[in-house]
Amino acid sequence: MPLVYVHGIGNREERRAYDVANRTRDRFFRRFLPVPVVGHTEIRSPYWGEHGGVLRWKHASLPAAGLESLGAGGDFEAGIARLAAVPGAATGTLLTGTARNSMRDAVDLLFTVIDADSLDDTAADAVIAAAGALVEYCDQRERLAPAGPDRYPWLAGIKDDADLIDQLLSLAAAGGDDPEPDRESLGGRHRRYGRLRLLLRGGADRLRRAAGLPVETSIAAVRTLTGRPVSDLAGDVLTYLARRGTPDEPGPIVRAVLTDLREAAAEAGPDRPLVVVAHSMGGNIMYDLLTHFAPDLPVHTLVTVGSQVALFEELKLFRGSDPALPGPDLARIPRPAGLSRWINVVDRADLLGYRAGGVFDGVEDYVYPTSALWAHSAYFRQPHFYARLGRRL
Amino acid sequence: MTTLYSDGGAGPRIHALVIGVGHYPHCVAYPPGTPESRLAADITPLTTAPSSALAVNRWLLDNLRDDPYVPLGSVETLISGPAPIVVPTPSGGTTVDPATFGNAREAVHRWRGRCDTDEDNVALFFFCGHGWERGDQTLLLEDLGRHPGDFFAGAVNFRRTYLGMRDCRARTQLYFIDACRELPLELLEIAADESRPLLTVRNPLEPPGRPLDAPVFHATTPGLRAYGPPGEPTPFTEAVLDVLGGRGAHQPRWGSWEIHTDRIAPSVRRMMQWNGVADQRPTAEGVTISSRFRTLPGPPAVPFRLSCAPAEALYSARLSLTALDDPANGRVREPRGEPWQNEVPAGNYQVRAEFPPAAYQDVCLYPAFLPPVVDEVIPVEPA
Chain P
19 MPLVYVHGIG NREERRAYDV ANRTRDRFFR RFLPVPVVGH TEIRSPYWGE
69 HGGVLRWKHA SLPAAGLESL GAGGDFEAGI ARLAAVPGAA TGTLLTGTAR
119 NSMRDAVDLL FTVIDADSLD DTAADAVIAA AGALVEYCDQ RERLAPAGPD
169 RYPWLAGIKD DADLIDQLLS LAAAGGDDPE PDRESLGGRH RRYGRLRLLL
219 RGGADRLRRA AGLPVETSIA AVRTLTGRPV SDLAGDVLTY LARRGTPDEP
269 GPIVRAVLTD LREAAAEAGP DRPLVVVAHS MGGNIMYDLL THFAPDLPVH
319 TLVTVGSQVA LFEELKLFRG SDPALPGPDL ARIPRPAGLS RWINVVDRAD
369 LLGYRAGGVF DGVEDYVYPT SALWAHSAYF RQPHFYARLG RRL
Chain L
394 MTTLYSDGGA GPRIHALVIG VGHYPHCVAY PPGTPESRLA ADITPLTTAP
444 SSALAVNRWL LDNLRDDPYV PLGSVETLIS GPAPIVVPTP SGGTTVDPAT
494 FGNAREAVHR WRGRCDTDED NVALFFFCGH GWERGDQTLL LEDLGRHPGD
544 FFAGAVNFRR TYLGMRDCRA RTQLYFIDAC RELPLELLEI AADESRPLLT
594 VRNPLEPPGR PLDAPVFHAT TPGLRAYGPP GEPTPFTEAV LDVLGGRGAH
644 QPRWGSWEIH TDRIAPSVRR MMQWNGVADQ RPTAEGVTIS SRFRTLPGPP
694 AVPFRLSCAP AEALYSARLS LTALDDPANG RVREPRGEPW QNEVPAGNYQ
744 VRAEFPPAAY QDVCLYPAFL PPVVDEVIPV EPA
């Protein structure tokens, strides 16, 4: 199947992080999604960020302008600052406490706090391999042992997050931590996942250090999170709505996404149906395309993740929105005609993600079962998100 | 401490202290949940370290006792293995004391005392075992982690130990450190370098006040690892012994093949390359003024590898080597597909590559075969 990913708001190609996130996400797709979905073809990721909102004074209207100087990756650091408020962060036991409640959440959090911007291809491969091994490990333990202390018996002996990371990595090594049995290292055990361990420990340590920041700094960091992306959201949404054009003269964002979709659709066939994964605003764009700009486009499965499609429909913001609905004859909007299956993923803790089943007919709402504070920006960093998506495809 | 050998004769002597640590029993059960425990968890047993220390001891006793330049004066050794190490000696087997911090301190003081008796003495220090480097090289002894509240009680600060030897009278001091120089993440989580020197440093800012040749030869570069095969000496140890045995020799004057301190590091590096060790580069630091370490009784053996370019010419090449000062003593290699590898005494040779008619043109060269190794390609032209 051809696979297309449509990004959400706030993506700008000049940011190196965008490129790194793209490559990492593609690796996750290939590791966790069924082979017929990802196949051996290119995963298309139409880039429409260059046509999104441009703040001519570069966020000068924000009260917290300039706060990005807090760290190289402003959004990431801000996300860390949010996590740092969680009990256990300051003592380096946040992951361990999370694992005691849900090992799956701990694994997801572990991979969320990686500084993904620093991943080169080798490191990204190691991340994906370990993530896959840990998801399989969690699956296996849940099959073999009931919930309770017997499921992860080693967890009782874990004192802090650093120990937890070592334990998880040793499990991910699947019985062979020493990659070089034919020689001894004179500086201690040679860990198969040495570099990955540094990445994971680095994320956990930043979490712990952020918890020790002065209150003003943490607040400022949180404002970076709540300020900048919201202005990006508003900028990109308003720009899209104002400039999306018409089917005869589509706007630049519609053109950019539609070009890749048409190419992918041309590769699709009865045995190779088209699958589209759309994040956040990308879901709204996809819905607008399927109901107005390209209703003829055959899409087998649309996966909207952390999207606001139902909210937009409630506000009647789509070109195809019918102000008369809901009405006495039609309580919910039918799924777009060209779309065979629609999965809508939303995390309860994602302030920007909305259920769709209350507004649309023929959509499978899937509530992603975390209560993670980092939800909206982190779906695509969490191994279990891909694993669950893979199972549903 | 264990004195394997002691010669109380007059005149300068080489005094060696050899430490090999392959047994870290206290790291296995160190209480979890701290950076120290995570460091301890990585400290695995080593079989290559005792093997290396034993190889060095054996080499010293076999090769330096009757050295005509500066003979062996003493060998002090500490080796830790899972069971007591017994070394064969002329008087029977000697059980070697384990390499604990207390034993090492005693051994270093005895060694230093011997070295201090004559300024022409040579001090030789060899360590093989686990190590780290956080600014200073740390050498890890058997009792690392013995006291849960004092994990680093078995960790030696090598730099400060080295500085403690500066006021020893021995003008030539050689240090061989066969250990990793990585900086584990956990060390950064610990406030200070808690390793301790084996000697007191007096006047650390004061220059030695006299020429001191005290190079430190490390098995690897800062931040990287050193390795060894299970149960056998490490490639660094093997290379060092090869170099001190003759691969590091040169001829500063006619008829005299000598090992000088400034030739050791590049020769060790070359030997490790020659032996196929691609991912470990030894380095050297410290003051070096090129002291003579020993004089060889004759020209050292030089390993060589000769090939042809193009390589397929080897299939038809009859290769020969003839020493220019001993033409009756030549060597021949009949045509074969792989390079010719062997060793010959160091010297000047005639090298011939002869081919059947219509294959390639014959070649005759007159190169010097000098330590540490010769690895050459003979260019040949079609006939």
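Just so you know, the protein sequences line up as chains P and L, in that order. Going by this note's numbering, the first residue of the first sequence is number 19, and it counts up by one from there. Going by this note's numbering, the first residue of the second sequence is number 394, and it counts up by one from there. A virtual CB, placed ideally from N, CA and C, is assigned to each residue, including glycine. Computed from a predicted model, the values in this text were never measured in an experiment.
In this chain, the beta strand (DSSP E) harbouring residue 701 of chain L covers 694-702. Excluding five sequence positions before and after residue 45 of chain P, the CB atoms of its chain that fall closer than 6 Å to its own CB belong to 142 and 146, given in chain order.
Note that the C-beta distance between residue 468 of chain L and residue 568 of chain L is not below 9 Å. When the five nearest sequence neighbours on each side are left out, the beta carbons in the same chain lying within less than 8 Å of the beta carbon of residue 436 of chain L are those of 417, 420, 523, 533, 537 and 538, in order along the chain. For the stretch 431-453 of chain L, the set of positions with a beta-carbon nearer than 8 Å to some beta-carbon of chain P reads 431, 432, 434, 435, 436, 437, 439, 440, 441 and 442 in chain order. In the displayed model, residue 537 of chain L falls within coil according to three-state DSSP, outside both helix and strand.
From the beta-carbon of residue 203 of chain P, the residues of chain L found nearer than 7 Å are 573, 618 and 620. In this structure, L:608 is the residue among L:608, L:464 and L:753 with its C-alpha nearest to the C-alpha of residue 684 of chain L. Taken in chain order, the members of the stretch 155-178 of chain P whose beta-carbon sits within less than 7 Å of a beta-carbon on chain L are 175, 177 and 178. According to the DSSP assignment, residue 419 of chain L belongs to the alpha helix (DSSP H) that extends over 418-421.
When CB distances to chain P are screened at a threshold of 8 Å, the residues of the stretch 519-550 of chain L falling below it are 521, 522, 523, 524 and 525, in chain order. With a cut-off of 8 Å on Cβ pairs, the stretch 406-417 of chain L is in contact with the stretch 448-468 of chain L, counting three or more such pairs.
Non-local C-beta neighbours of residue 172 of chain P in its own chain, meaning closer than 8 Å and more than five positions away in sequence, comprise 185, ordered along the chain.
In this chain, residue 279 of chain P is not harboured by any beta strand (DSSP E); it is covered by the alpha helix (DSSP H) spanning 270-285. Only exposed fits residue 540 of chain L, as fewer than 16 other CB atoms lie within 10 angstroms of its CB. As the crow flies, the alpha-carbon of residue 556 of chain L is around 15 Å from that of residue 509 of chain L. The C-beta of residue 426 of chain L comes closer than 9 Å to at least one C-beta of chain P. Beta-bridge partners assigned by DSSP to residue 487 of chain L: L:480. As summarised for the stretch 507-579 of chain L, the continuous beta strand (DSSP E) elements at least 3 residues long and confined to that stretch are 515-521, 524-527, 529-533, 548-550 and 565-571, given in chain order. If you check the CB distance, residue 574 of chain L and residue 613 of chain L come in under 9 Å.
Around the beta carbon of residue 647 of chain L, fewer than 16 other beta carbons lie within 10 angstroms, which makes this residue exposed. A contact between stretches requires three or more CB pairs, one per stretch, nearer than 8 Å, and the stretch 441-452 of chain L meets this requirement with the stretch 512-523 of chain L. DSSP, read as helix, strand or coil, puts residue 27 of chain P in coil.
Between the alpha carbons of residue 309 of chain P and residue 327 of chain P lies a gap of roughly 12 Å. Residue range 179-190 is occupied by the alpha helix (DSSP H) that includes residue 190 of chain P, with no beta strand (DSSP E) assigned at that position.
Contact fails between the stretch 656-666 of chain L and the stretch 464-484 of chain L, because fewer than three Cβ pairs, one in each stretch, are under 8 Å apart. The distance from the Cβ of residue 356 of chain P to that of residue 313 of chain P is about 6 Å, consistent with a contact at the 8 Å cut-off. As summarised for the stretch 298-361 of chain P, the continuous beta strand (DSSP E) elements at least 3 residues long and confined to that stretch are 317-323, given in chain order. Against residue 219 of chain P, the close residues of chain L are 578, in the order they occur along the chain (beta-carbon pairs closer than 8 Å). Shortest Cα-Cα distance from residue 747 of chain L to any of L:756, L:740 and L:741 involves L:756. Rounded to whole angstroms, the separation of the alpha carbons of residue 768 of chain L and residue 651 of chain L is 22 Å. Between residue 439 of chain L and residue 198 of chain P, the beta carbon gap of about 13 Å keeps them out of contact (Cβ cut-off 8 Å). If you draw a straight line from the Cα of residue 682 of chain L to the Cα of residue 566 of chain L, it comes to about 11 Å.
Rounded to the nearest angstrom, the gap between the Cα atoms of residue 167 of chain P and residue 118 of chain P is 9 Å.
For residue 591 of chain L, there is no enclosing alpha helix (DSSP H), as DSSP gives it neither H nor E. Ranked by how close their Cα comes to the Cα of residue 771 of chain L, the residues L:626, L:733, L:765 and L:738 have L:733 in first place.
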